[in-house]
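S.K.:
Protein chains: 4
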Amino acid sequence: MARLRNDDKRRRILQAAVKVFARQGYFAARVSEIARKAGVADGTIYLYFKSKQDILVSLFDEVMAEHIAKARHEVAAASGAPAKLRAIAEHHLRVLGENRELAVVFQVELRQSTKFMERFTASWLQDYFSLVGLVIEQGQREGTLRSDLPRKLVAKALFGMLDEMVTSWILSGKDHDLPRMAAPVVDLLLRGARAPSLARARPPLRAVAPLAGGR
Amino acid sequence: MARLRNDDKRRRILQAAVKVFARQGYFAARVSEIARKAGVADGTIYLYFKSKQDILVSLFDEVMAEHIAKARHEVAAASGAPAKLRAIAEHHLRVLGENRELAVVFQVELRQSTKFMERFTASWLQDYFSLVGLVIEQGQREGTLRSDLPRKLVAKALFGMLDEMVTSWILSGKDHDLPRMAAPVVDLLLRGARAPSLARARPPLRAVAPLAGGR
Amino acid sequence: MARLRNDDKRRRILQAAVKVFARQGYFAARVSEIARKAGVADGTIYLYFKSKQDILVSLFDEVMAEHIAKARHEVAAASGAPAKLRAIAEHHLRVLGENRELAVVFQVELRQSTKFMERFTASWLQDYFSLVGLVIEQGQREGTLRSDLPRKLVAKALFGMLDEMVTSWILSGKDHDLPRMAAPVVDLLLRGARAPSLARARPPLRAVAPLAGGR
Amino acid sequence: MARLRNDDKRRRILQAAVKVFARQGYFAARVSEIARKAGVADGTIYLYFKSKQDILVSLFDEVMAEHIAKARHEVAAASGAPAKLRAIAEHHLRVLGENRELAVVFQVELRQSTKFMERFTASWLQDYFSLVGLVIEQGQREGTLRSDLPRKLVAKALFGMLDEMVTSWILSGKDHDLPRMAAPVVDLLLRGARAPSLARARPPLRAVAPLAGGR
DNA sequence: GATGAATGAGCGTTCATTCAT
DNA sequence: GATGAATGAACGCTCATTCAT
Numbered sequence: 001m002a003r004l005r006n007d008d009k010r011r012r013i014l015q016a017a018v019k020v021f022a023r024q025g026y027f028a029a030r031v032s033e034i035a036r037k038a039g040v041a042d043g044t045i046y047l048y049f050k051s052k053q054d055i056l057v058s059l060f061d062e063v064m065a066e067h068i069a070k071a072r073h074e075v076a077a078a079s080g081a082p083a084k085l086r087a088i089a090e091h092h093l094r095v096l097g098e099n100r101e102l103a104v105v106f107q108v109e110l111r112q113s114t115k116f117m118e119r120f121t122a123s124w125l126q127d128y129f130s131l132v133g134l135v136i137e138q139g140q141r142e143g144t145l146r147s148d149l150p151r152k153l154v155a156k157a158l159f160g161m162l163d164e165m166v167t168s169w170i171l172s173g174k175d176h177d178l179p180r181m182a183a184p185v186v187d188l189l190l191r192g193a194r195a196p197s198l199a200r201a202r203p204p205l206r207a208v209a210p211l212a213g214g215r
Numbered sequence: 216m217a218r219l220r221n222d223d224k225r226r227r228i229l230q231a232a233v234k235v236f237a238r239q240g241y242f243a244a245r246v247s248e249i250a251r252k253a254g255v256a257d258g259t260i261y262l263y264f265k266s267k268q269d270i271l272v273s274l275f276d277e278v279m280a281e282h283i284a285k286a287r288h289e290v291a292a293a294s295g296a297p298a299k300l301r302a303i304a305e306h307h308l309r310v311l312g313e314n315r316e317l318a319v320v321f322q323v324e325l326r327q328s329t330k331f332m333e334r335f336t337a338s339w340l341q342d343y344f345s346l347v348g349l350v351i352e353q354g355q356r357e358g359t360l361r362s363d364l365p366r367k368l369v370a371k372a373l374f375g376m377l378d379e380m381v382t383s384w385i386l387s388g389k390d391h392d393l394p395r396m397a398a399p400v401v402d403l404l405l406r407g408a409r410a411p412s413l414a415r416a417r418p419p420l421r422a423v424a425p426l427a428g429g430r
Numbered sequence: 431m432a433r434l435r436n437d438d439k440r441r442r443i444l445q446a447a448v449k450v451f452a453r454q455g456y457f458a459a460r461v462s463e464i465a466r467k468a469g470v471a472d473g474t475i476y477l478y479f480k481s482k483q484d485i486l487v488s489l490f491d492e493v494m495a496e497h498i499a500k501a502r503h504e505v506a507a508a509s510g511a512p513a514k515l516r517a518i519a520e521h522h523l524r525v526l527g528e529n530r531e532l533a534v535v536f537q538v539e540l541r542q543s544t545k546f547m548e549r550f551t552a553s554w555l556q557d558y559f560s561l562v563g564l565v566i567e568q569g570q571r572e573g574t575l576r577s578d579l580p581r582k583l584v585a586k587a588l589f590g591m592l593d594e595m596v597t598s599w600i601l602s603g604k605d606h607d608l609p610r611m612a613a614p615v616v617d618l619l620l621r622g623a624r625a626p627s628l629a630r631a632r633p634p635l636r637a638v639a640p641l642a643g644g645r
Numbered sequence: 646m647a648r649l650r651n652d653d654k655r656r657r658i659l660q661a662a663v664k665v666f667a668r669q670g671y672f673a674a675r676v677s678e679i680a681r682k683a684g685v686a687d688g689t690i691y692l693y694f695k696s697k698q699d700i701l702v703s704l705f706d707e708v709m710a711e712h713i714a715k716a717r718h719e720v721a722a723a724s725g726a727p728a729k730l731r732a733i734a735e736h737h738l739r740v741l742g743e744n745r746e747l748a749v750v751f752q753v754e755l756r757q758s759t760k761f762m763e764r765f766t767a768s769w770l771q772d773y774f775s776l777v778g779l780v781i782e783q784g785q786r787e788g789t790l791r792s793d794l795p796r797k798l799v800a801k802a803l804f805g806m807l808d809e810m811v812t813s814w815i816l817s818g819k820d821h822d823l824p825r826m827a828a829p830v831v832d833l834l835l836r837g838a839r840a841p842s843l844a845r846a847r848p849p850l851r852a853v854a855p856l857a858g859g860r
């Protein structure tokens, strides 16, 4: 019971923090404004979090814990490495595309310092990379992906491409559908930009939908 | 003469700022420490820059102005879209790979706020994207790149991949050679990750050198 | 209770401010010294006042609010315009004569800028002038004051005379009794400096041109 | 020759200072702005004045030196104490009424601190008071002024009345003619505010106690 | 004499955090 | 547990003054 009430208060603080961090940026954000928005006293924040920074870190950890599990699940449900990569990309863009404020916090505020980024990298990003790595390995075994691919590099490349799509989407201010971009990104990653040589008789390519906006 | 002395002082301030921003982060950086490192009085900073933030913005603008010109030059010197893309990637990684502190400032500190990022995006990144866009267009005309490529998306993808390589390199703390990664990144972008289908008789791929390090 | 503590703290800050402003002048006064003298932390000042200037303005407003009421009361208690004018003068000199530090703040520090003075003039001084104006009007009706007096000018003159007495007293450094001067000042104002001529058959007074505007 | 050029520069600095002090107030005034307005370099100011404060003090001293002499002259030219008092009042109001900026500096900026005021009081104001004192003494001898007048108090009263007229005029923002007020002020001082009683057989005046102190 | 670039001391104010209630 | 009044360390920036040219 007390547990429930506490959890509720903690959640309200985190939700308020997302809004405030997104709007003002981490440094300009005032703990007292988070408290006001969460409907608690300033001091109460410190019953649930060690410090202002701990709010940001907790935010990140809890959102990640939730989504990394879901991502693994979706990957497992897809069959074939290409489909699994598409699932990863879709999940990545869907999670951030559904909540612009959260996306701002993840794309901008979490990258305030090498300290934060190292932490981010050491925990969640390694999981992300190894998930992609496993998918690639499987693709290589099943023959759908080139066997000479440097796996870590591909993982970083995929993350980098998607990350840029998200950042671009945030800054564009436009409201086009972010997850829609998963398909063309993965398509580019899989097929590459190079024109097929004539000798290879290829069917005409399905045109990729023109992309809205941006950055 | 006076010109020289001023320029020298301004440059020393900017150089000191790179070091201090890289080490402490923009917010934690103290103007007085930049002054100390530059060998000038605190007040002197304000003869050359309007504010602390103006130091960061000027840093960015001046470094960009210098390198964007060089990049165009190198692109012009390369022949064929694939080689031009490689030139872009190499330039990107070389500039940041040569000066880790500058790279930290560009990868981390400049992304402190949506304000900064919007500025960055509106100026330099658009140039970057349109440069890549032109190269792709040329590649499509000359038949080396797929004609159905969404140009803006490819530009963003390339930037995102390289950006992630730089960030990864910074955070890894290791000292492998960043520009070396230009080739495999562009190779992946051009050829894609997908295995060639058997029907297409392809020569064995040159193995990409295993990538060092990290993140 | 909390009310008491707050009021007490606020009062202590104002009292400390009077001392510090009087001794150092408003500009040279340090907020941290006011805090130290009031026995609170620097930041506490800003729980009660918006800014350093707000301390000065509040000081003025609160002292005025208190004394203007008392002055009206004393005026009401006196009978006849001459006695009422004497009451005003006595009150004026008594209030400032009782607290030299407060007098310094009122005579010197509050006149730092046209901004402050305009504020002062617009609020309290208008009240002062209209109080005197009413008394003069009454005196004219009851026949104790000349009917051709320009009321506003007399009000300004009385204020100016008393104001100079206070300033003079402050700067003299001596400790004679300020309120004692109310009688001779009012006597001079009432009777004038001119010697009575024994047989003076006086021509009717030329009316003084009505005075434009003012303050 | 050099003398001439210097004097010109010095004068230009003082003229610029009047404008800047009047507009911004002494503390907010920037030495560099005075320099700019005077058409000289910042450093040049310090060839003519010891400090920012010295500009203000010099301003005051030089304007006073000029006008006090003129005032004495005008007093000498008038015959009879009442006319002499009128001459003083007219001079006072004319000098300040002719140059609103100078008036602002004298009424407001010069009263920034007890330091300044003590200086002002010790020099020029004593001259003012003794000039008035002599006139009163003469009036008493010639029988035009009451023989029981406390001379110093009358001098202060006259100054206070005129001072308030000037301040009032500055703050009113209106542009009525200041010197015009000399006559009614002196008339009030001479005749007093009391209505003449027709058949008043007056008892001899109770002497006012001699006033202590200074200024 | 004149310049103006350089100096560096100095301070109002904010706000994360604490702790008595 | 919850409160919110109180704390006090911390710092970007200004500007009167100097002095090398």
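Chains V, Y, C and F, in that order, give the protein sequences. Read in the working numbering, the first sequence has 2 at position 2, and its numbers run on one by one without any break. Just remember that the working numbering sits 215 ahead of the position in the second sequence, which is counted from 1. Just remember that the working numbering sits 430 ahead of the position in the third sequence, which is counted from 1. Just remember that the working numbering sits 645 ahead of the position in the fourth sequence, which is counted from 1. All residues carry an ideal CB built from backbone N, CA and C; glycine is no exception.
#1: Skipping 5 residues on each side, what residues in its chain have a beta carbon closer than 6 angstroms to that of Gly-312 of chain Y?
#2: Measuring straight from C-alpha to C-alpha, what distance separates Ile-170 of chain V and Glu-109 of chain V?
#3: Suppose only complete runs of 3+ residues qualify. What are the beta strand (DSSP E) ranges in the segment 307–368 of chain Y, listed by chain order?
#4: Given Met-595 of chain C, which residues of its chain have a CB within under 6 angstroms of its CB, disregarding the five upstream and five downstream residues?
#5: Identify the contact partners of Glu-528 of chain C in chain F, using a Cβ-Cβ distance below 8 angstroms as the criterion.
#6: Mind listing the chain Y neighbours of Phe-49 of chain V? Cutoff is C-beta to C-beta under 7 angstroms, in chain order.
#7: Would you mind listing the alpha helix (DSSP H) stretches within the segment 453–481 of chain C that are 4+ residues and don't spill past its ends, in chain order?
#8: Going by alpha carbons, who is nearest to Arg-72 of chain V out of V:His-91, V:Val-57, V:Asp-54 and V:Phe-60?
#9: Going by beta-carbon coordinates alone, are Val-233 of chain Y and Leu-274 of chain Y separated by less than 8 angstroms?
#10: Mind checking if Met-332 of chain Y is an interface residue toward chain V, Cβ cutoff 8 angstroms exclusive?
#11: Compute the beta-carbon to beta-carbon distance between Ala-800 of chain F and Leu-620 of chain C, rounded to the nearest angstrom, for a pair I have assumed lies under 8 angstroms.
#12: What are the boundary residues of the alpha helix (DSSP H) that includes Ala-398 of chain Y?
#13: How about Ile-68 of chain V and Asp-127 of chain V: do their beta carbons lie closer than 8 angstroms?
#14: Is it the case that the segment 501–515 of chain C contacts the segment 551–571 of chain C, given that we only count it when at least three CB pairs across the two stretches are under 8 angstroms?
#15: Does any residue of chain V bring its CB to less than 8 angstroms from the CB of Ser-338 of chain Y?
#16: Do the segment 755–762 of chain F and the segment 782–792 of chain F make contact, defined as three or more Cβ pairs closer than 8 angstroms?
#17: Taking 8 angstroms as the threshold (beta carbon to beta carbon), is Ser-509 of chain C in contact with chain F?
#18: Take Val-830 of chain F and list the residues in its own chain whose beta-carbon comes closer than 7 angstroms to its own, dropping the five residues that flank it on each side.
#19: Of the choices F:Lys-760, F:Ala-828 and F:Gln-660, whose alpha-carbon is the least far from that of Arg-453 of chain C?
#20: Please classify Arg-845 of chain F as buried or exposed, where buried requires at least 16 other C-beta atoms within 10 Å of its C-beta.
#21: Thinking C-beta only, is Ala-674 of chain F closer than 8 angstroms to Arg-657 of chain F?
#22: Since Ala-613 of chain C and Arg-791 of chain F should fall inside the 8 angstroms C-beta cutoff, what is the C-beta to C-beta distance between them, to a whole number of angstroms?
#23: Listed in chain order, which residues of the segment 33–66 of chain V have Cβ atoms closer than 9 angstroms to some Cβ of chain Y?
#24: Alpha carbon to alpha carbon, what distance is there between Ala-318 of chain Y and Leu-659 of chain F?
#25: How many angstroms separate the CA atom of Arg-221 of chain Y from the CA atom of Arg-119 of chain V?
#26: Looking at chain V, which residues of the segment 370–386 of chain Y have a Cβ within less than 8 angstroms of any of its Cβ atoms?
#27: Alpha carbon to alpha carbon, what distance is there between Val-255 of chain Y and Leu-262 of chain Y?
#28: Going by C-alpha to C-alpha distance, which of F:Leu-803, F:Pro-795, F:Leu-770 and F:Phe-694 sits closest to Ser-602 of chain C?
#29: Please work out which residues of its chain come closer than 7 angstroms, Cβ to Cβ, to Ala-231 of chain Y, disregarding the five sequence neighbours upstream and downstream, and give them in chain order.
#30: CA-CA distance, Val-63 of chain V and Gly-25 of chain V?
#31: Just confirm the distance between the C-beta atoms of Lys-482 of chain C and Val-461 of chain C, as a whole number of angstroms; I'd bet it's less than 8 angstroms.
#32: Thinking just about the alpha-carbon of each residue, which of F:Lys-715, F:Ala-726, F:Val-665 and F:Ser-768 is nearest to the one in Ile-700 of chain F?
#33: Which residues in chain V sit within 8 angstroms of Ser-345 of chain Y, going by Cβ to Cβ distance?
#34: Which residues share a DSSP beta bridge with Arg-516 of chain C?
#35: Short check: CB of Leu-188 of chain V to CB of Leu-368 of chain Y, under 8 angstroms?
#36: To the nearest angstrom, report how far apart Leu-149 of chain V and Glu-66 of chain V are at their CA atoms.
M.R.: Short version:
#1: Leu-393 and Pro-394
#2: 13 angstroms
#3: none
#4: Met-611
#5: The contacting residues do not exist; Glu-528 of chain C stays about 17 angstroms from chain F at best.
#6: Neighbours of Phe-49 of chain V on chain Y: none; closest Cβ ~20 angstroms, over 7 angstroms.
#7: For the alpha helix (DSSP H) assignment, the uninterrupted runs of no fewer than 4 residues enclosed by the segment 453–481 of chain C are, from N- to C-terminal side, 461–468 and 472–478.
#8: Proximity to Arg-72 of chain V across V:His-91, V:Val-57, V:Asp-54 and V:Phe-60 peaks at V:His-91, based on C-alpha coordinates.
#9: yes
#10: yes
#11: Taking C-beta atoms under 8 angstroms as the contact rule, Ala-800 of chain F and Leu-620 of chain C fail to qualify, at a distance of about 18 angstroms.
#12: From DSSP, the alpha helix (DSSP H) with Ala-398 of chain Y extends over 397–406.
#13: yes
#14: A contact exists between the segment 551–571 of chain C and the segment 501–515 of chain C.
#15: no
#16: no
#17: no
#18: In chain order, Ala-734, Met-806, Leu-807 and Met-810 place their CB closer than 7 angstroms to the CB of Val-830 of chain F, counting only its own chain and leaving out the 5 sequence neighbours on each side.
#19: F:Lys-760
#20: Reliability of the predicted coordinates at Arg-845 of chain F is poor, the pLDDT of 45 falling under 50, and the value obtained from them is presented with this limitation in mind. The residue is exposed, with fewer than 16 neighbouring Cβ atoms inside 10 Å.
#21: no
#22: Not really, about 15 angstroms apart at Cβ, beyond 8 angstroms.
#23: none
#24: 54 angstroms
#25: The question names Arg, yet the displayed sequence has Asn at residue 221 of chain Y. Looking at the two C-alpha atoms, the distance is approximately 41 angstroms.
#26: Lys-371, Ala-372, Phe-374, Gly-375, Met-376, Leu-377, Asp-378, Glu-379, Met-380, Thr-382, Ser-383, Ile-385 and Leu-386
#27: 11 angstroms
#28: F:Leu-770
#29: For Ala-231 of chain Y, the CB contacts under 7 angstroms within the same chain, skipping 5 residues up- and downstream, are Ile-249, Lys-252 and Ala-253 in chain order.
#30: Looking at the two C-alpha atoms, the distance is approximately 18 angstroms.
#31: Between Val-461 of chain C and Lys-482 of chain C the Cβ distance is about 5 angstroms, and since that is below 8 angstroms, they are a contact.
#32: F:Val-665
#33: The contacting residues do not exist; Ser-345 of chain Y stays about 12 angstroms from chain V at best.
#34: In the DSSP secondary-structure assignment, Arg-516 of chain C is not bridged to any residue.
#35: yes
#36: 30 angstroms
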